[in-house]
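The listed protein sequences correspond, in order, to chains A and B.
So the first sequence is numbered by our numbering: it starts at 2 and just counts up by one.
So the second sequence is numbered by our numbering: it starts at 1381 and just counts up by one.
Built from N, CA and C at the ideal position, the CB exists for glycine as well.
This one's a predicted model, so the numbers in the text were calculated from it and none came from an experiment.
Here the structure comes first, spelled out in structure tokens, and everything after it is commentary.
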Amino acid sequence: MIQVSELHFSTEDGVKVLEDVHLRVDQGELMVIVGPAASGKSLLLGLLGAQIPPQQGQILVHGRNVARLGPDKILALRRRIGVYPQGFVPLSRTVHDNVIFKLRALGNYREQAEEKVLYALETAGLIRRQGVDALELSSIDRIRLGIALAICHDPLLLLIDEPFEGLAEPEKAEIARLVSRLNTGHLSILLATRGPVPPGMEMSRRVRLLDGMVKGA
Amino acid sequence: MRMFLFRELLGAIRTKSAVLLVLSGFLIFLFLASAAGFLMITPAEVSSTTEGQPVDELQVFLSPRLSSATIDEWFLAWRERSDVARLRFQFAQELDQTTTGGVFVVTPVDPSQASTLAEEFRSIDGVVEVVEVPRVKWIEPPAASLIARIALLVVLVLSIAASLFFFRRGYRELLAVFSGEIRMLRLSGISERTLIALVVALGVLIGCLGGLMLLAILYLLHRIALSTGGLQLFGGLISGIRILGTGLMAVGLGTVLGGLAGLLGASLLHRREFDPLP
């Protein structure tokens, strides 16, 4: 489903961030990428999510080469990918309205959007907090909301960047279980973390990203 | 979808951005009003007078019974006179269709001596009439319309510059409030075209409202001008067609200006704070 080969990426200053990355993620797989800070995890997820254009190498998502897609196809691809960005900050509105904003913006009618909101909040464990102002949520609930936003439009690929940041160990395990629960059916998940991977994470594979190179793919 | 997003963008307007955007709209209105003022000013008419002016030329009407030889002889003799600066012959019909014969048009050297010269010509047998033609004085139009035009031009330039300045500040305030939404939209695969269109649409709306406001005010002034018999300086307010044309032009121009201001606002979208990824 996702195939990355000979992927290289350098900063404007010429610093190599990713070097000859090879990676394969199958449909329905949950892969965890572990690596220290500034090892290129977020960049790799940005490239896979078609948010950052690749410089060199090949990224195939659903059989399509991201580098060769036109602007409209890139947008269409982004709509099939759910992203939980690192340091996610919700919108200053209720939990429910956060999710409905995204769904309406993607062209869903209100009734259709309401159904999807309920499903996403139910899945993320936030259904009872849907009327709460998102900025007043606890850290773990913010992450739940970020995940709800990432899955609300029924994506084929979910990219989660550093979801355990600022959480206590039991909360990390709770988020790990939530992510594992999402890994059903067709949804492929890539989760990047500095590690260690909390208990409860039922992952298919774990790879290490070190100095821009993937080990154990 | 775009209407939903546009409503959301309008919902993000807070007091400060509202004040700045309303001010920008008012300045666009002021710009359009200045432009419309140019079309409403009464065109200045140049008038002339001969009253109290020195005699510039004498028209000496000759009897039609005079022979051409006599006329030739007089022409040669008068041309040599030291008190005649210029002399030309015309047929009397060229000046007055009811008369016949010829006319000598004499330009005296000294206008103050024109009357003496006229008396002398009148005493000559064969001269029917001598008309003293005074100099024409052209009267310049009153300076009020010129001052009004300059004032309008100054307001025109200042208002558009100030409008763009406040538009940019207003957009900055608004987009700062809407930045989270913009990041989410970009992350979700909403196109740049859509985002730019949202921002430009707001400018278009403000510009269009400025134009419509001017149209309404012009109509009101038109009604007042009709009931009071018109304003001296802005005589164009009397004409309904001109009011309608100017008003529609203002709406169109306001829309275009608002769109341009919107593009200026959209240029802020490239700032780093709107990037979806950290």
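Give me, in chain order, the residues of the same chain whose beta-carbon lies closer than 6 Å to that of residue i; leave out the 5 immediate sequence neighbours on both sides.
i: L158 of chain A; result: I82 and S189
i: G1432 of chain B; result: none
i: F1501 of chain B; result: V1440, V1507 and V1510
i: K1517 of chain B; result: T1429 and Q1433
i: I128 of chain A; result: L122
With a Cβ-Cβ cutoff of 8 Å, do residue i and residue j count as a contact?
i: L168 of chain A; j: I141 of chain A; result: yes
i: I1618 of chain B; j: L1606 of chain B; result: yes
i: L1419 of chain B; j: A1494 of chain B; result: no
i: D162 of chain A; j: K42 of chain A; result: yes
i: P86 of chain A; j: L1657 of chain B; result: yes
i: G1583 of chain B; j: G1639 of chain B; result: yes
i: F1484 of chain B; j: F1471 of chain B; result: no
i: L92 of chain A; j: A125 of chain A; result: no
i: A135 of chain A; j: N109 of chain A; result: no
i: Q59 of chain A; j: S11 of chain A; result: no
Helix, strand or coil, according to DSSP, for residue i in the structure here?
i: H154 of chain A; result: coil
i: F1441 of chain B; result: strand
i: A1465 of chain B; result: strand
i: D21 of chain A; result: strand
i: F1471 of chain B; result: strand
i: M32 of chain A; result: strand
i: V16 of chain A; result: coil
i: G108 of chain A; result: coil
i: R65 of chain A; result: strand
i: V1399 of chain B; result: helix
i: L70 of chain A; result: coil
i: I1576 of chain B; result: helix
i: Q52 of chain A; result: coil
i: G58 of chain A; result: strand
i: D27 of chain A; result: coil
I'd like to know if residue i contacts chain B, where contact means its C-beta is closer than 8 Å to some C-beta of that chain.
i: Q113 of chain A; result: no
i: V18 of chain A; result: no
i: Q57 of chain A; result: no
i: F102 of chain A; result: yes
i: V84 of chain A; result: yes
i: A39 of chain A; result: no
i: Q52 of chain A; result: yes
i: Q87 of chain A; result: yes
i: G167 of chain A; result: no
i: S43 of chain A; result: yes
i: R69 of chain A; result: no
i: S93 of chain A; result: yes
i: R145 of chain A; result: no
i: A121 of chain A; result: no
Just reading off the beta strand (DSSP E) that residue i is part of, what are its end residues?
i: M214 of chain A; result: M214 to K216
i: Q4 of chain A; result: I3 to S11
i: P1658 of chain B; result: Unbroken run through P1658 of chain B: none, as it is neither H nor E.
i: S1428 of chain B; result: S1427 to T1429
i: L210 of chain A; result: R206 to L211
i: P1514 of chain B; result: V1507 to P1514
i: I190 of chain A; result: S189 to T194
i: V84 of chain A; result: I82 to Y85
i: I1519 of chain B; result: K1517 to I1519
Counting along the chain, where does the alpha helix (DSSP H) carrying residue i start and finish?
i: R1563 of chain B; result: S1559 to L1567
i: A1641 of chain B; result: G1620 to A1646
i: F1484 of chain B; result: Here F1484 of chain B belongs to no alpha helix (DSSP H); instead the beta strand (DSSP E) covers G1482 to P1488.
i: A1498 of chain B; result: A1494 to R1502
i: A177 of chain A; result: E170 to L183
i: D1452 of chain B; result: S1448 to R1459
Can you list, in chain order, the residues of its chain with a C-beta nearer than 8 Å to that of residue i? Leave out the 5 residues immediately preceding and following it.
i: A1392 of chain B; result: L1554, V1557, F1558 and E1561
i: L78 of chain A; result: A51, V62, H63, R65, V67 and L70
i: L107 of chain A; result: R80 and H154
i: L1467 of chain B; result: F1455, W1458, R1459, F1484, V1485, V1486 and T1487
i: V1636 of chain B; result: G1587
i: D1490 of chain B; result: D1463
Sorted by chain position, which residues of the same chain lie with C-beta nearer than 7 Å to residue i's C-beta, five sequence neighbours on each side aside?
i: M2 of chain A; result: V26, D27, Q28, H63 and S189
i: L104 of chain A; result: A114, K117, V118, C153 and H154
i: L211 of chain A; result: G36 and S40
State yes or no: is the beta carbon of residue i nearer than 8 Å to at least one beta carbon in chain A?
i: I1570 of chain B; result: yes
i: L1385 of chain B; result: yes
i: E1567 of chain B; result: Going by the sequence as given, residue 1567 of chain B is Leu instead of Glu. Yes, L1567 of chain B lies at the interface with chain A (some Cβ there is under 8 Å from its Cβ).
i: M1564 of chain B; result: yes
i: E1388 of chain B; result: yes
i: G1587 of chain B; result: no
i: E1561 of chain B; result: yes
Taking residue i as the query, report the chain E residues whose CB atoms sit under 8 Å from its CB, ordered along the chain.
i: G47 of chain A; result: You won't find chain E in this structure, because its protein chains are A and B.
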